[in-house]
Amino acid sequence: MSYSAQNIRNVCLLGHGGNGKTSLAESMLYLTGGTDRLGKVSDGNTVSDYDPEESKRQISISTSILPVEYDGCKINVLDTPGYFDFSGEVMEALQAADAAVIVCSAKSGMSVGAEKAWKYCADRKLPRILYVSKTDEDNADYNAAFASMREHLGKNVAPIVAPIWDADKKVIGIIDVLQKRAFEFGDKGQRMEIDVPEDKLPVLDELYDALKESVAETSEAMMDKYFAGEDFSYAEMIQGLRQGVKDLSLFPVVCGSAYTGLGTRMLLDTIIELLPNPLEGRPLMGENASGEVDEFVAAPGALPAAFVWKTVSDQYGKYSYIKVLSGSIKPDMPMVNARTGETEKLGRLYQIRGKKAEEVKELQCGDIGAVGKMEKLRTGDTLCDPRKVVRIEPIPFPEPCYSVAVAPKAKGQEDKIASGLTRLGEEDLTFHWINNAETRQMVISGTGDMQMDVLVSRLKSRFAVDAELSDPRVAYREKIRKKVEVQGRHKKQTGGHGQFGDVWMRFEPGEQEDLEFCVEVVGGAVPKNYFPAVEKGMREAVVHGVLAGYPVVNLKATLFDGSYHPVDSSEMAFKTAVQLAYKAGMPQASPVLLEPIGELKVSIPDSYMGDVIGDLNKRRGRVLGMTPDGEGGQIVEAEVPMAEMGRYAIDLRSMTQSRGSFTFHFIRYEEAPPAAQEKAIEAAKAMAELDA
């Protein structure tokens, strides 16, 4: 069935891991006939968490689409992961959604994940409602959860549902505040109307009056009517609440339980009645062919345009998940990729439900679906009609902050790992990998240890390569601190021509980072035609220092004397001679190890300041200053050796309950303390023995 944009809602479920987002999405599907059984995360049989890794770990790893058809509308529910390692999936879903449902548990209230979700929505001016999950479970406390929301988010949080408790404080039903009706729920989620309990009437009146006040504030006409003491009709209440949600001045709260179906229909009604359709949603920013940036306004009658917000590859091929921004699209339609400027024919179109792809003949404005086997399409691309090419703003992915080295367990499978990571990188843009020639390691950088663990598991399941992770090596440098003069003499006599090269070299600290090679030979002691060979020999030598085999920097090497043989001298002989001089002279020139230093900027709430600064001191960090971030926190700036930053992403998460974030960039090399030098030299020797 095809739905017009007015009857579509694109909603992402956000919140902390374990708060019940996937179970809520499953409950929505089950109660609307989208699935014939209620799957459970613990059983690994939900429609949303279909990936083997998700079933094994019992968490969501990627965003999945669950189209729910209810009351003449199509709600595209985007179930996002709650664990912070997979925040890139949340960014993708936020780009495609027009509104959000932030899920908080009745056991824990406003968790860190909910705080982050709220901030993501606030940054994007995204309308949102709050859902209190697990209200009927043991140790659940709806009132405490709601109080924590009020404390964190202010008085704009407005409950439109109130739970009903029995004598044992167990939630057995809910009250619809707007309609002043109460419901109990059967075994299969069916709701049965009951009378509002006597003891709940004062609570209902109080909540209804608070909603009336919120509605009155949405327009002057409503305000006049409110002060005149007149009552609002149901339609006026809905209109006012809808306006408040759109203006971000009101955030409705619904509650329930996914497993019993308690409150699920109420949530569906709230989504349809109060959240915006794609035509009313937040407009994206787009850049036209002239380079001008403006709002891209969704319109069903406009020229077709679609945005690729996610890419999925499996054994059956590649799917590009798209949101139709304007017009409608059909298979085989020629469209321009705004990134490349190339025109491509669209492949087959699909409606996605979990892992199932159902082919469709058309996708309407505002709808979310997928296009198959478009190999050149990437996440973040915009597909446009050739008559109007617009490039939508890219998705703001988190910057990689955690790095590990990856290697195959069996030698010779490096190419398989590389091709596997390249394929996985099409799906997940929050990590990147490089082959570090200097440390001879393949290094992956991403958001955290759980993401890396999943990548290794997928390398095995999808690409049949066993990989193991280790700490990445630090790229040190070496330099000398004093001047030495040394002879390098290479003489070898064999049958026929021999080999003879003799150089006197002066090694001293230089001003420039690269090797500075000078010649001060007088009287033709070394012929000019051998100078390039001497320089080449030096450049090859400085790649490996004498302390731990790291490249040598800030070295000035001067050829000032030597001798040659008219028959036996050759370029190779002089090249060997200078390398002998290098090996003999460098240990005498007081060599030291230089370590890379990075600039660290940590954003943290004030309450964690002492722990974070104490930890930086343990890492040999130098705190340079602190700046308020304008949101009640601080940005700590410091310089820290890279060798001490290996697990910082994980340690900061632990220290700040995941509230801290940071950026870290290399700035310079400086001499390492003696203890750090010894440790690095020992590690380099051990690695050399291993490599041998």
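Heads up, the sequence shown is in numbering that gives the first Met the number 0, so the first residue is 0 and it goes up one at a time.
Where is the CB? At the ideal position from N, CA and C, for every residue including glycine.
With 16 or more other Cβ atoms inside 10 Å of its own Cβ, Asp135 counts as buried. By the Cβ neighbour-count rule, Cys120 is buried, with 16 or more other Cβ atoms within 10 Å of its own. Arg667 carries a strand assignment under DSSP once its states are collapsed to helix, strand and coil. In the three-state reduction of the DSSP assignment, Ala648 falls in the helix class, which pools H, G and I.
Annotation: Gln511 is outside any beta strand (DSSP E) and is labelled neither H nor E by DSSP.
Along the length of the segment 340-384, whole beta strand (DSSP E) runs at least 3 residues long occupy 342-344, 348-352, 355-359, 367-371, 381-383, reported in chain order. Three or more beta-carbon pairs drawn from the segment 136-155 and the segment 244-254 are found closer than 8 Å, and the two stretches are therefore classed as touching. Inter-segment contact for the segment 553-565 and the segment 507-521 is present: three or more beta-carbon pairs are separated by less than 8 Å. Residue pairing of Trp503 in beta bridges, as defined by DSSP: Gln486, Asp560.
Bridge pairing for Trp432: Ile443 [DSSP]. Val520 sits in coil when the DSSP states are folded into three classes, being neither helix nor strand. In this structure, Tyr49 lies near Gly353, with their beta-carbon atoms less than 7 Å apart. Thr626 is bridged by DSSP to Ile634. Nearest neighbour of Val89 by Cα position, chosen from Lys118, Ile74, Asp70, turns out to be Lys118. Sequence-distant partners of Gln350 (beyond 5 residues in either direction) whose C-beta falls short of 7 Å from its own C-beta, in its chain, are Pro66, Glu357, Val359, Gly368. Contact annotation: Ala98 and Thr62 have beta-carbon atoms that are not nearer than 7 Å. When the five nearest sequence neighbours on each side are left out, the beta carbons in the same chain lying within less than 8 Å of the beta carbon of Val176 are those of Pro158, Ile159, Val160, Ala161, Leu203, Leu206, Tyr207, Leu210, in order along the chain.
Of the residues Val46, Ser1, Gly38, Val76, the one whose Cα lies closest to the Cα of Leu13 is Val76.
For Met90, the enclosing alpha helix (DSSP H) starts and ends at 86-95.
Between Arg123 and Arg390, the alpha-carbon positions lie close to 18 Å from each other. Linking Phe661 to His15 through their CA atoms gives a straight-line distance of about 20 Å. Here the alpha carbons of Ser562 and Met504 stand approximately 12 Å from one another. Rounded to the nearest whole angstrom, the CA to CA distance from Tyr130 to Lys309 is 26 Å. Collapsing the DSSP output to three states places Arg538 in a helix. Contact check between the segment 441-452 and the segment 400-412: three or more CB pairs, one atom from each, fall below 8 Å, which counts as touching. Residue pairing from DSSP places Phe306 in a beta bridge opposite Lys322, Thr381.
Looking at the backbone, the Cα of Ile443 and that of Ser110 are separated by about 30 Å. Between the alpha carbons of Val296 and Ser657 lies a distance of about 36 Å. Where Val244 is concerned, the enclosing alpha helix (DSSP H) starts and stops at 233-245.
Distances from the CA of Glu467 to each of Ala474, Ile416, Leu423 were compared; the closest alpha carbon is that of Ile416.
For Lys490, same chain residues with a beta-carbon under 6 Å away, outside a window of 5 residues either side, are Phe499 in chain order. In terms of CA proximity to Glu286, Lys387 leads the group Arg180, Lys387, Leu23. For Phe83, the secondary structure class from DSSP, reduced to helix, strand or coil, is helix.
Of all C-beta pairs linking the segment 590-606 to the segment 518-535, fewer than three are shorter than 8 Å, placing the two stretches out of contact.
Setting aside the 5 residues that flank it on each side, Ser327 is surrounded in the same chain by Pro303, Glu361, Leu362, Gln363, Cys364, each with a C-beta closer than 7 Å to its C-beta; the list follows chain order.
Here the C-alpha atom of Arg652 lies approximately 59 Å from the C-alpha atom of Asp560.
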